[in-house]
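Here is the structure we will look at, set down as structure tokens.
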Amino acid sequence: MVITRFAPSPTGYLHIGGLRTALFNYLWAKRNGGKFLLRIEDTDRSRHNEEAVKAILEAFEWVGLESDDEVVYQSQRHEIYRKYIDQLLEEGKAYRCYMTKEELDKLREEQIARKERPRYDGRYRDFQGTPPEGIEPVIRIKAPLDGTIVVDDKIKGKIEFRVQDTLDDFIIARADGSPTYNFVVAIDDALMGVTDVIRGDDHLSNTPKQIVIYQALGFDIPNFYHVPMIHNEKGKKLSKRDGATDVMEYKREGYLPEALLNFLVRLGWSYGDKELFSLDEMIKLFDPKEINKSASIYNIEKLNWINREYINQKSSEELAQLLNISPTPVIELVKNRCSTLVQLEQEVKKIVERPTQYDSKSLKKHFKELNRELLKEFLEKIQNSNISCEDALSSILESRGVGMAKLAQPIRIALVGVAQSPSVVDIMKILGKDEVVFRIEKLLAEVQ
RNA sequence: GGCCCCAUCGUCUAGUGGUUAGGAUCCCAGGUUUUCAUCCUGGUUACAGGGGUUCGAAUCCCCUUGGGGUCGCCA
Numbered sequence: 037m038v039i040t041r042f043a044p045s046p047t048g049y050l051h052i053g054g055l056r057t058a059l060f061n062y063l064w065a066k067r068n069g070g071k072f073l074l075r076i077e078d079t080d081r082s083r084h085n086e087e088a089v090k091a092i093l094e095a096f097e098w099v100g101l102e103s104d105d106e107v108v109y110q111s112q113r114h115e116i117y118r119k120y121i122d123q124l125l126e127e128g129k130a131y132r133c134y135m136t137k138e139e140l141d142k143l144r145e146e147q148i149a150r151k152e153r154p155r156y157d158g159r160y161r162d163f164q165g166t167p168p169e170g171i172e173p174v175i176r177i178k179a180p181l182d183g184t185i186v187v188d189d190k191i192k193g194k195i196e197f198r199v200q201d202t203l204d205d206f207i208i209a210r211a212d213g214s215p216t217y218n219f220v221v222a223i224d225d226a227l228m229g230v231t232d233v234i235r236g237d238d239h240l241s242n243t244p245k246q247i248v249i250y251q252a253l254g255f256d257i258p259n260f261y262h263v264p265m266i267h268n269e270k271g272k273k274l275s276k277r278d279g280a281t282d283v284m285e286y287k288r289e290g291y292l293p294e295a296l297l298n299f300l301v302r303l304g305w306s307y308g309d310k311e312l313f314s315l316d317e318m319i320k321l322f323d324p325k326e327i328n329k330s331a332s333i334y335n336i337e338k339l340n341w342i343n344r345e346y347i348n349q350k351s352s353e354e355l356a357q358l359l360n361i362s363p364t365p366v367i368e369l370v371k372n373r374c375s376t377l378v379q380l381e382q383e384v385k386k387i388v389e390r391p392t393q394y395d396s397k398s399l400k401k402h403f404k405e406l407n408r409e410l411l412k413e414f415l416e417k418i419q420n421s422n423i424s425c426e427d428a429l430s431s432i433l434e435s436r437g438v439g440m441a442k443l444a445q446p447i448r449i450a451l452v453g454v455a456q457s458p459s460v461v462d463i464m465k466i467l468g469k470d471e472v473v474f475r476i477e478k479l480l481a482e483v484q
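The first sequence maps to residues 37 to 484 in this note's numbering.
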């Protein structure tokens, strides 16, 4: 059974980098008929932010990625961690360190001054004496003193970390007794039965520490896949300052969740020349071992294209529902000119609602004296007979011997206020003669 | 700075010793369209640099350069 997880820390909203990681985990679990789990990393009490948790869950709901079990909150598992800390203490694999923060800071400064790597010096590792008064100790793990730790990463290959320049006896529990990140990650992954850890490669350098924990506790080491970051246009790690990184912002801007997922899955992964993937196809085809080694730069153009594709795959009924409006044939008329639902909404309004103003450039070009004359003739014709708007249009063009644009363009301006729109014939059919008459009279009356 | 990772069109990518280096997006041009959009056709643009290995390197090795990540009693 393949069990994967996504483990965000609730410091804010879910951003697209996180969503991609979650998606990778989700797909891999589903492909193997396994489980995808969600865990909130809030060991640090100051990090437990109800709002943020809600925001993250809301985003997952929107895109439709569900955890297969109840969401795990680390803040509720302190007893479990306590138990393992005690165990390591008893077995002599961890120890109390009475060094104060100030002493530690000083040590670090000195080391940096000497151009050495800041590193705990192990002064309490084998301490037997009486502990200093009034100091709440932290708990440190006994890390190996030399040799190497190998991370067998399924994307990047085997990576060797020399203990001497990557590890020290790091803290697994703070002075207040609360456990630290690398410690609980290893425990929770093991206890939750996680077999495959797919996460950002900013965690790569944490992995040796976690391996130390796995080994100390006798847990099996899972498969690691460290996926490259998504960078912003400047080539830097995506941060909250980089515009629309909040997943829910994409909802507000009119992107479809399936389009966003499709966009994200192609960042760092591909399947031949295939660009469009339904969720089922992704599940069938995705393999984290095929993820690229290099970072990719986030670029919205492709997303816009994908979103347009998905919008056009949808029926008018579905789109009406998404826009929360009643179905109208107008949607069919305009959907192929929209990259987002927001645009679609605007395009629908442009036709359904009467123009409140007329574009001056369009007027200047297509509402000259002859156009006005033709428009008046058209208006009279449809008012005084049963002729359809379409027939009236072509009959006038024929009798006057003028090109289509001479009359169609002023009609268009009357109908929607600008010189660009879908076919005027189609619009007139949908609007009906009365409304066409009204809008033409309005233009004639308001613009001299 | 130490350690680690990475390097093909502007961007996302295909490519695993022999290809006119392919696709997508973007951009441009032409066609279609009463207009705009769609659609169709075509086009511009890439193996970071230098050494090897080899009959032959985008593909393997090394160096340089460039970029990124990480170095907490944060996660």
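For glycine and all other residues, C-beta sits at the position ideal for the given N, C-alpha and C.
Would you check if the distance between the CB atom of residue i and the CB atom of residue j is smaller than 9 Å?
i	j	result
Gln393	Gly453	yes
Ile336	Leu355	no
Ser398	Lys371	no
Asp232	Ile39	yes
Ala252	Leu124	yes
Phe60	Phe322	yes
Leu143	Asp189	no
Lys245	Leu203	yes
Pro391	Leu479	yes
Leu74	Ser103	yes
Ser431	Lys417	yes
Leu303	Leu315	no
Pro446	Phe403	yes
Gly54	Val230	no
His51	Thr281	yes
Lys509	Met37	Missing from the structure shown is residue 509; the chain here goes from 37 to 484 and no further.
Tyr261	Pro363	no
Ile361	Glu383	no
Asp49	Ile76	Sequence check: residue 49 is Tyr here, not Asp. No, these two residues do not count as a Cβ contact at 9 Å.
Arg373	Pro458	yes
Asp309	Lys273	no
For residue i, which residues in the same chain have their Cβ closer than 8 Å to its Cβ, ignoring the five residues on either side in sequence?
i	result
Glu426	Val461, Met464 and Lys465
Arg113	Val220 and Asp224
Asp212	Glu172
Ile333	Ile266, His267, Asn268, Glu269 and Gly271
Arg153	Gln147 and Asp201
Ser45	Ile76, Glu77, Asp78 and Arg83
With residue i and residue j assumed to form a contact (beta carbons below 8 Å), what rounded beta-carbon distance in angstroms separates them?
i	j	result
Leu410	Leu443	5 Å
Ala295	Leu339	7 Å
Thr57	Arg235	6 Å
Arg176	Phe206	7 Å
Trp305	Glu285	Wrong, their Cβ atoms sit about 23 Å apart, outside the cutoff.
Ile121	Ile208	7 Å
Sorted by chain position, which residues of the same chain lie with C-beta nearer than 6 Å to residue i's C-beta, five sequence neighbours on each side aside?
i	result
Gly290	Thr376, Leu377 and Val378
Ala179	Leu203, Asp205 and Val248
Ala331	Pro264, Met265 and His267
Tyr7	As shown, the chain starts at 37 and ends at 484. That puts residue 7 outside it, with no answer to give.
Give me, in chain order, the residues of the same chain whose beta-carbon lies closer than 7 Å to that of residue i; leave out the 5 immediate sequence neighbours on both sides.
i	result
Arg210	Val174 and Thr216
Ile343	In the sequence as presented, Ile is not what sits at residue 343; that position holds Asn. Excluding sequence neighbours, Asn343 sits near Tyr291, Leu292, Ala295, Ser375 and Thr376.
Tyr134	Tyr160, Pro167, Pro168, Ile171 and Pro173
Val469	Checking the sequence, you will find Lys at residue 469 rather than Val. The answer, listed in chain order, is Ile418 and Cys425.
Do the segment 445 to 459 and the segment 387 to 406 make contact, defined as three or more Cβ pairs closer than 8 Å? yes
Inter-stretch contact at 8 Å, needing at least 3 Cβ pairs: the segment 181 to 200 / the segment 267 to 286: no
Contiguous alpha helix (DSSP H) assignments of at least 4 residues, all confined to the segment 69 to 141: 86 to 99 and 114 to 126
At which residue ranges does the segment 222 to 250 contain complete beta strand (DSSP E) runs of 3 or more residues, listed in the order of the chain? 232 to 236
Please go through the segment 135 to 184 and give each complete alpha helix (DSSP H) segment of 4 or more residues, from N-terminal end onward. 137 to 149
Complete alpha helix (DSSP H) runs within the segment 365 to 445 (minimum length 4 residues, chain order): 365 to 370, 377 to 388, 396 to 402, 405 to 419 and 425 to 436
Can at least three beta-carbon pairs, one atom from the segment 88 to 104 and one from the segment 130 to 141, be found at a separation below 8 Å? no
Those runs of the alpha helix (DSSP H) which lie wholly inside the segment 291 to 337 and span at least 4 residues: 293 to 301 and 315 to 321
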